[in-house]
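Scroll down for the structure; my scribbles are underneath it.
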Amino acid sequence: MKRISEITRRDVFNLFLYGIDKNTDFGTELLHYNYSGKLSELDFLKRIYNLEQLPSYDGRYLNAEGDIWQHTVNNDDYQKGWAFDDERFKLSNGDDEIFLKFLCAVFHPAVREERGCWQECLISVNELLRMDGYELYPSGKISGRDIYNWREYNDNEIDVFVPFSQRNEKAIRAHSLKLYICMKARNQICALFEKYNDVYRETNETGFQYDVTTEEYVFRDISCFYEPRCYNRSSKYVRTRDMKQFILHNSPFCVFDAIELYFRYNADNNYSKEMNALLVRQAIGYQLIQGKLKCTVETSLSENTIAAIPEKGLKELVTDAENYYRDGNKQIAVEKLWDAFERLKTYYSLKLDKKNSANKVVETMSHKEPHFQKLYEDEFKVLTEIGNGFRIRHHETTQTDITDDRQYDYFYQRCHALISTAILYLEESVKSEAE
């Protein structure tokens, strides 16, 4: 995807080349920050690219690593910012992901100069990226320091991590979200937490240094949302700062909160991989994906099937719907899925109007077999009536309100069943035409 414009890329490069203007009480101060931080350019680029596999522009060397060493270390005759326009790195004209991955590496704790003005630089970079729909955000910690990833930016969303129980509070209170974690699994979770319970050194405002553990950080984070409690031997729900008691004698939703929050301090190691293996062994139908526990037993299309959807708009809407549904945001998931349903009707719109395009989709699904053709025609009609009669889209105000998550589940799964079946037949049709 190439949403980041040439203008934005050049403006970001210029931050590193010419500095950042910062207003102070004494006027404007120009701050300079080197993109490779405390590393050499060569060592920095080796963190992102396999330089041994990239070509050399200097005939004396076999690959880019030797070339770059010669011109940045041995002779240092490359001009400042040379890497930004080097075709091998695709920073000025490549996919957005390449550019964003580069920026995430710039602000990694192993790279950035902590005493430098990296935070001011990050703020300026994000101001530019957000104009093209992206931002860098703290996705976890290593040695108590933020590491950054990228995501699509929505200025209506609040940039705060909200743990599982709080994201799904409405469904939990309505008893529409159920979860069970056996004692064996809880003990294994405790053991894994202990394995990844690192010690960090912090410094307060007076310069005094003290040690803080991952467990203490997690309890601090939980306290931002609710007071950490557990059941004691008298079955009273009491305050606790003991992680083992919090996990063994608590709601499974609170256990999920701790699992997610531990990830924020272990994003750069095998914690996520080991936790997901534990969840599979214990038949807990969730996986830790980018720091959030997402249900893996809901109806969904395989990645390969989604990737094979030939119509880009339909693919994006289906992907968005599934992501929102896994995150528990069922209202938006249903809205996106109904948008996908309407998009499906126009699949053949280059040649046909919407009505005839929808009929063509039905013919493709049924292979013109009368009984299946009527079945799919009826289902298209019913789903259209549901979309017209219920408040699927939040901006519509004249339809019947949906106030129960279980109804959202029903609408989602019914519409999803039709769309997923249609996609499989349309994919088959495309392959047949290609042959």
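Taking UniProt numbering, the leading residue of the sequence shown gets 1, the next gets one more, and so forth.
Using N, Cα and C, we set each Cβ at its ideal position, and we do this for glycine too.
Bear in mind the structure is a predicted one, so any value in this text is a computation, not a measurement.
Checklist entry - What's the C-alpha gap between N270 and L288? => result Answer to the nearest angstrom: the Cα atoms are 12 Å apart.
Item to check | Own chain partners of V362 with C-beta closer than 8 Å, once the 5 adjacent residues on each side are dropped | outcome: In the same chain as V362, and ignoring 5 residues on each side of it, the C-beta atoms closer than 8 Å to its own belong to Q373, Y376, E377, F380, in chain order.
Next on the checklist: Could you tell me the alpha carbon to alpha carbon distance between Q70 and H416, rounded to whole angstroms?
Outcome noted: Rounded to whole angstroms, Q70 to H416 spans 57 Å at the Cα level.
Next on the checklist: Run through the DSSP bridge pairs and tell me what R145 is partnered with.
Outcome noted: In the DSSP assignment, R145 is bridged to I142.
Checklist entry - Can you name, in chain order, every residue of its own chain whose Cβ lies under 6 Å from the Cβ of R47, other than the five neighbours on each side? => result Only A105 meet the Cβ criterion.
Next on the checklist: Within the continuous beta strand (DSSP E) that includes C230, where are the two ends?
Outcome noted: C230: member of the beta strand (DSSP E) spanning 229-231, first to last residue.
Checklist entry - Taking just the CA atoms, how far does N266 sit from V255? => result Answer to the nearest angstrom: the Cα atoms are 17 Å apart.
Next on the checklist: Counting C-beta neighbours from all protein chains within 10 Å, is the total for F193 16 or more, i.e. buried, or is it exposed?
Outcome noted: Counting every other CB atom within 10 Å of its CB across the protein chains shown gives F193 a total of 16 or more, marking it as buried.
Checklist entry - Measuring CA to CA, which of F390, Q188, W150 is closest to Q331? => result Nearest of F390, Q188, W150 to Q331, Cα basis: F390.
Next on the checklist: Would you call the segment 271-283 in contact with the segment 306-318, where contact means no fewer than 3 C-beta pairs closer than 8 Å?
Outcome noted: The answer is no - the segment 306-318 does not touch the segment 271-283, with fewer than three Cβ pairs under 8 Å.
Item to check | When Q119, M365, S36 are compared against G81, the one with the closest alpha-carbon | outcome: Looking at Q119, M365, S36, the one whose alpha-carbon comes closest to that of G81 is S36.
Next on the checklist: So, does the segment 206-214 touch the segment 231-242, judging by three or more C-beta pairs under 8 Å?
Outcome noted: Here the segment 206-214 does not lie against the segment 231-242, with fewer than 3 beta-carbon pairs under 8 Å apart.
Checklist entry - With DSSP run on the structure shown, which of helix, strand or coil describes Y134? => result Assigned with DSSP and collapsed to three states, Y134 falls in strand.
Checklist entry - If we count the other Cβ atoms within 10 Å of its Cβ and call it buried at 16 or more, is I392 buried or exposed? => result So I392 counts as buried.
Checklist entry - Should the segment 405-415 be regarded as contacting the segment 349-366, the criterion being three or more beta carbon pairs within less than 8 Å? => result In this structure the segment 405-415 does not touch the segment 349-366; the number of beta carbon pairs closer than 8 Å is below three.
Checklist entry - Taking buried to mean at least 16 other C-beta atoms within 10 Å of its own C-beta, is K2 buried or exposed? => result Classification for K2: exposed.
Item to check | DSSP three-state assignment for T384, whether helix, strand or coil | outcome: Under the three-state reduction of DSSP, T384 is assigned to helix.
Item to check | Integer Cβ distance of E127 from R151, believed to fall under 8 Å | outcome: Here E127 is actually not in contact with R151; their C-beta atoms are around 16 Å apart, not less than 8 Å.
Next on the checklist: Is the beta carbon of T364 closer than 8 Å to that of S357?
Outcome noted: Not in contact: S357 and T364 (Cβ atoms no closer than 8 Å).
Item to check | Under the three-state DSSP convention, the category R151 falls into | outcome: Reduced to three states, the DSSP call for R151 is strand.
Checklist entry - Quick one: what does DSSP say I392 is sitting in, helix, strand or coil? => result DSSP, read as helix, strand or coil, puts I392 in coil.
Next on the checklist: Pop quiz: P225 and P138 are said to be a contact at Cβ under 8 Å. What is the actual Cβ separation, rounded to whole angstroms?
Outcome noted: Checking the displayed sequence, the identity of residue 225 turns out to be Phe instead of Pro. The pair is not a contact, with the Cβ atoms about 17 Å apart (cut-off 8 Å).
Checklist entry - Is Y412 helix, strand or coil by DSSP? => result Collapsing the DSSP output to three states places Y412 in a helix.
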